[in-house]
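Asks: First the structure, which I've put down as structure tokens, then a few questions once you've had a look.
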Amino acid sequence: MDNKKTPVQKGQNKFSAGRKHRFTDILLYNKKGETRVFLILSFLIPFILIWIMFSHFEVHPFGDKQILVTDLWHQYFPFFKEEHDKLQNLSSLLYSWNTGMGTNFLSVMSYYAASPLNLLAVFFPMEYSRDAMTLFLTIKIGCAGLFFAIFLKHTFKRNDISIVGFSLLYALCSYIMGYYWNLIWIDTVALLPLVVLGTILIVREGKYKLYAVSLALSLIANFYIGLFTCIFTVMVFAAASIIKWQGIKGTFIRLGQIAGATVIGLGMGAFILIPAYLALQLTNSVDNQFPQMISFYEPWLKMISNVIGYHEPTAKEGLPNFYCGMFAVILLGVFLINKKIKIREKIITVLYLSFIIVSCNMNILNYIWHGFHFTNMIPYRFSFIFSFILVAAAYRAFTVITEDIQIFDILALSAMTFIIALVAYRDQTEKALIYSIITCFVYTAVMFIYERKIINKNIMRYLICAVCTVEMGINAYNGVSTVTTTTYSIYPKNNEEIQALIDYTERNDGDFYRTELTSTYTINDPALYGFKGVSQFSSTANVSVTRYLESLGLMASAAGNRYYYTQSTPIINAFLNIKYLMAHDGYSGDETYLDEVSSEGTVKLYKNNAYLPIGFAADKSIMNYIGESKEQVENQNELFRLATGLDENVFTAVSIKDVGHKGLNVVKQSVGNYSYQYNKPEDGSDDCYVKYNYTVPDDGPVYAVFFFDNTNGFQVKKDGVTVHSFGNQKYKNVAALGNFKAGDVITLYSNVEKEKSGSGKVLVYQANEELLRQGIEKLSKGGIAVSDYSDTEIKGTFTAENDSVFYTSIPYDGGWKVYIDGEEAEVTPLKNAVVCVPVTAGSHEIRFKYCPPGFAAGAAITVGSVIVFAAIWILEKKYRKKVKTLNCETEKSDAES
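This is the structure in structure tokens:
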């Protein structure tokens, strides 16, 4: 038996040389024997650093805080929770009744919840949804470090501790630390290095697999940020082709390869990209106007100054998040002066960095980058590309001076420190400037003692990595501090009570119906709490539905991509299929039409006794609804008249008794419309308010439209005593004030900000209860009796007394098919907003079936693309194996001869 040990070859480790691999060996070393330790550290260090910061700020489970802020509070988490619920209950991801009266959930996911990590939510109990989301965020940040390290390793052929330090500069850059609460973007930001590496591999070697797969994942995870990746990919391909020029023929070959790989990558994501694109055509964003004139946002030096650190990153509004470590900034000087770096590399890098800066500051380029759209808050969403370019260029310079550092390189580091100090001193804080300069000196000192040969190459790399870790750890601290946190234990508000009331309705009522809250907590309460509801705040919101509901008096904004319910009139409740209302504070603004049926703590559950099902036979004239009156209650009157055929108005206006404004000159412009100017009270007080008094004509509920600029809601008073307070009326809506007796004097009162001028609207109404009951009864006779329903289907029967239009409160997006007695019927949407179908007199079976527009075609393209990708891969492997076999046979033949 031969006991001689197999010699360890250069580039191998002791495990790869003649030993069976244990699990740790497989984890720590690849097939070539190269260590994976530095890649693992590139993931672990940013992952651990962000958790250290979260623990410092007492983020759960380290305390009673959470990362949910702003849109993460209102949008991302409610949609994530809805997805989480669907995954655990094996429900369809194509559609959800728990947002926006019913929504193409695939399109919602494409923007808010398509992260592959979200699939892991199935392993977390629902009560830990927020913790799962936080964990996934930290994994994404870790992956940003890992993927950047992979990019550095394969692009620059390095595998040492330096890739760990530089990967930190990307993973914890200010873009990620300022915008991490937009965690829906971080997947694609993290994947960018792999897409770029894939592009480079195509140019260098014709290898396409990494590019195709990473591009597909980037677009699937978030098509919006994926757009920036696609634009940058074009830039990278052009740069890589110029730097590694292969002649015109070679360049066109590579162009064909990347075009083919791009088609495959897009095809693999088609199942979600095509439905997302078609859904976007129904949103308000399609109405954006291209800017007519060039303008610039900030002074150029001010914008560039944001490359320094130790300041709050932009989290909502501010300068572009360019900061990605001071070492990256000062190494740019080395990059530009070092003769071992090609001039074409330098020119392209400077041009690209300049292009990103100009794109951030010029309105037209900014508009184009953002998908022909101006953003609402969170500016410069593509600025992470600047960080990528700068850190990549810095590492290129670092690899050069690591092998042959000269005193001129030290001078270049020092010169860049001086230059950036000159650029930033006017626009950045003294603290940020001083700390940034000190950090530059530390990096320069390490490189200087290395140049003097006081330390060796390995120690220098570890010292640089250590400084990067400290610097970016401080940036992580600044990021979490800036983004802030909210309280874990009180989110969602009254959740246990509301879940108990939802369970109550589900146990006692098996019908299809909608539920809502009388006041909003988030703007996506149905998705957050898990009930079929109306409210939705989403960039994918259907603008036709928004405008329809806005015309009827719901809180809505087409530009704001939202419509949401607050307690309104019985007509709204009936036509939107609202059967139950829950009130956080227990207050019912309409005792006539709402019956209390249960309560939990302070939360009360009310049942609508003027209820209509999700669909009903209405008079054909309903299709004549225009809804263009400026007075939303008049639009409700119109819809009710046309649907019922009853030629009377349900609501009539109540006249003002008198007013008692103070600190304001209020001028009536037209019925219900006013303008005002500040006028300091004669008594010298700071009082400033509007006050309208009304005498109630009849017993019953009272409704009002109250909207004034520069106010924070209004109060309803009866005989001078506050009955109820309404929160900020950001949008005009019709509110239910409460039930009153004939002769009661009620007051609408609101404090107004001092020294302000503006406009307002005040209209008060009462309903003709007998007429309303008559109309509801008539419509309910033609209502659907739902026999079965799911996420994507509703079945039932109904009887139409005459040839009618079957009106539904199902949003129209082109995905619903309707079958009457087994035959497909023509869908004729009302205002392009809700599904309606012409029907003949008599009893009918009706079935609604949903598939997102474009999904079938997209899914087919995805399957085809995966098959093509797999087939090419298999054929390539067979070809390489065949070539290898032929070569071996040739060598054997040559040896024998």
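Residue numbers for the sequence shown follow the numbering used here, beginning at 13 and rising by one. Each residue gets a CB set at the ideal place from its N, CA and C atoms; glycine is no exception. From a predicted model like this one, the values you see are computed outputs, not experimental measurements.
Buried or exposed, going by whether 16 or more other CB atoms sit within 10 Å of the CB of Gly739?
Replies: Per the 10 Å Cβ criterion, exposed.
Asks: Write down every uninterrupted run of the alpha helix (DSSP H) in the segment 137 to 161 whose length is 4 residues or greater and which is fully enclosed by it, in chain order.
Replies: DSSP runs (the alpha helix (DSSP H)) wholly in the segment 137 to 161: none.
Asks: Applying the criterion that 16 or more other CB atoms from any shown protein chain within 10 Å of the CB defines a buried residue, is Thr734 buried or exposed?
Replies: With fewer than 16 other Cβ atoms within 10 Å, it is exposed.
Asks: At the level of alpha carbons, what is the spacing between Asn677 and Pro693?
Replies: Distance between the alpha carbons of Asn677 and Pro693: 10 Å.
Asks: Could you check how far apart the C-beta atoms of Thr241 and Leu204 are, in whole angstroms? I think they sit under 8 Å.
Replies: Contact flag correct, Cβ pair sits at about 6 Å.
Asks: Would you say Val875 touches the ligand NAP, meaning its beta carbon is less than 7 Å from a heavy atom?
Replies: The ligand content of the structure shown is nil, which means the ligand NAP is not present either.
Asks: Got a sec? Which residues, its chain only, sit under 6 Å from Trp109 by beta carbon, not counting five neighbours each side?
Replies: Cβ within range, chain order: Lys544.
Asks: Could you give the DSSP three-state label for Val81: helix, strand or coil?
Replies: The answer is coil: DSSP assigns Val81 none of H, G, I, E or B.
Asks: Would you decide whether Tyr41 is buried or exposed? Buried here means 16 or more other CB atoms lie within 10 Å of its CB.
Replies: Label assigned to Tyr41: buried.
Asks: Quick check on DSSP: helix, strand or coil for Asn116?
Replies: Asn116: strand per DSSP, three-state reduction.
Asks: From Ala29 to Val895, what distance separates their C-alpha atoms?
Replies: Confidence at Ala29 is low in this model, with a pLDDT of 46, below 50, so its placement is unreliable and the value that follows should be read with caution. Near 27 Å, if we compare the C-alpha coordinates of Val895 and Ala29.
Asks: Assess contact between the segment 248 to 257 and the segment 287 to 304, defined as three or more Cβ pairs (one per stretch) separated by less than 8 Å. Is contact present?
Replies: Output reads no: the segment 287 to 304 does not touch the segment 248 to 257.
Asks: Let's test the definition: count the other Cβ atoms within 10 Å of the Cβ of Ala595 and tell me whether it reaches 16, buried, or not, exposed.
Replies: Ala595 is buried by the Cβ-count criterion.
Asks: If you run the structure through DSSP and keep just helix, strand and coil, what is Cys848?
Replies: Three-state DSSP puts Cys848 in a strand.
Asks: So, does the segment 150 to 169 touch the segment 207 to 218, judging by three or more C-beta pairs under 8 Å?
Replies: Cβ pair count under 8 Å is three or more, so yes.
Asks: Out of Leu51, Ile62, Pro58, which one is the CA nearest neighbour of Val492?
Replies: The shortest C-alpha separation from Val492 is found at Ile62.
Asks: Quick one: complete beta strand (DSSP E) runs, 3+ long, within the segment 775 to 844?
Replies: Listed in chain order, the complete beta strand (DSSP E) runs (minimum 3 residues) inside the segment 775 to 844 are 797 to 802, 805 to 812, 816 to 823, 828 to 832, 835 to 837.
Asks: What would DSSP say about Thr245, mapped onto helix, strand or coil?
Replies: Reduced to three states, the DSSP call for Thr245 is helix.
Asks: Since Ser67 and Gly157 should fall inside the 8 Å C-beta cutoff, what is the C-beta to C-beta distance between them, to a whole number of angstroms?
Replies: With 8 Å as the limit, Ser67 and Gly157 do not qualify as a contact, their Cβ atoms being about 19 Å apart.
Asks: Let me see if you follow: with CB-CB separation under 8 Å, is Ser762 close to chain D or not?
Replies: The displayed structure is made up of one protein chain only, and chain D is not part of it.
Asks: Count the other C-beta atoms from every protein chain shown that fall within 10 angstroms of the C-beta of Met121, then say buried if there are 16 or more, exposed otherwise.
Replies: Looking at its Cβ environment, which holds 16 or more other Cβ atoms inside 10 Å, Met121 is buried.
Asks: Suppose contacts are defined by Cβ-Cβ distances below 8 Å. Is Ala586 in contact with Ala622 by that definition?
Replies: Cβ atoms of Ala586 and Ala622: closer than 8 Å.
Asks: Out of curiosity, what's the CA-to-CA distance linking Ile413 and Ser395?
Replies: Cα to Cα, Ile413 sits roughly 28 Å from Ser395.
Asks: Taking one C-beta from the segment 445 to 454 and one from the segment 384 to 403 each time, how about it: are there three or more such pairs within less than 8 Å?
Replies: Contact fails: fewer than three Cβ-Cβ distances are below 8 Å.
Asks: Considering only the beta carbon of each residue, do Gln258 and Gly218 sit closer than 8 Å?
Replies: Their beta carbons are not under 8 Å apart, which means Gln258 does not touch Gly218 by this criterion.
Asks: From the DSSP output, read off the bridge partner residues of Met567.
Replies: DSSP output for Met567 lists Tyr576 as bridge partner(s).
Asks: Quick check on Leu343: does DSSP put it in helix, strand or coil?
Replies: If DSSP states are grouped into helix, strand and coil, Leu343 belongs with the helices.
Asks: The alpha helix (DSSP H) spanning Tyr455 covers which residue range?
Replies: Element bounds for Tyr455: 442 to 463.
Asks: Going by C-alpha to C-alpha distance, which of Thr36, Lys890, Thr115, Glu782 sits closest to Gly826?
Replies: Checking every option, the nearest Cα to that of Gly826 belongs to Thr115.
Asks: Would you check if there are 3 or more beta carbon pairs closer than 8 Å linking the segment 120 to 135 to the segment 89 to 108?
Replies: Contact between the segment 120 to 135 and the segment 89 to 108 is present, because at least three Cβ pairs lie under 8 Å.
Asks: Would you mind reading off the limits of the beta strand (DSSP E) that contains His856?
Replies: First-last of the beta strand (DSSP E) with His856: 854 to 862.
Asks: What's the call for Gln440, buried or exposed, on a 16-neighbour Cβ count within 10 Å?
Replies: By the 10 Å Cβ count, Gln440 comes out buried.
Asks: Do you know offhand how far Leu331's Cα is from Val458's?
Replies: So the alpha carbons of these two residues sit roughly 31 Å apart.
Asks: For Arg48, name the three-state secondary structure that DSSP assigns.
Replies: In the structure shown, Arg48 sits in coil (DSSP, three-state: anything other than H, G, I, E or B).
Asks: Using only CA atoms, which one of Ser119, Gly854, Val817, Val201 lies nearest to Ala631?
Replies: The identity of residue 631 in the sequence shown is Asp, whereas the question assumes Ala. Ranking Ser119, Gly854, Val817, Val201 by Cα distance to Asp631 puts Val817 first.
Asks: Where do the ends of the beta strand (DSSP E) carrying Tyr704 lie?
Replies: Residues 701 to 707.
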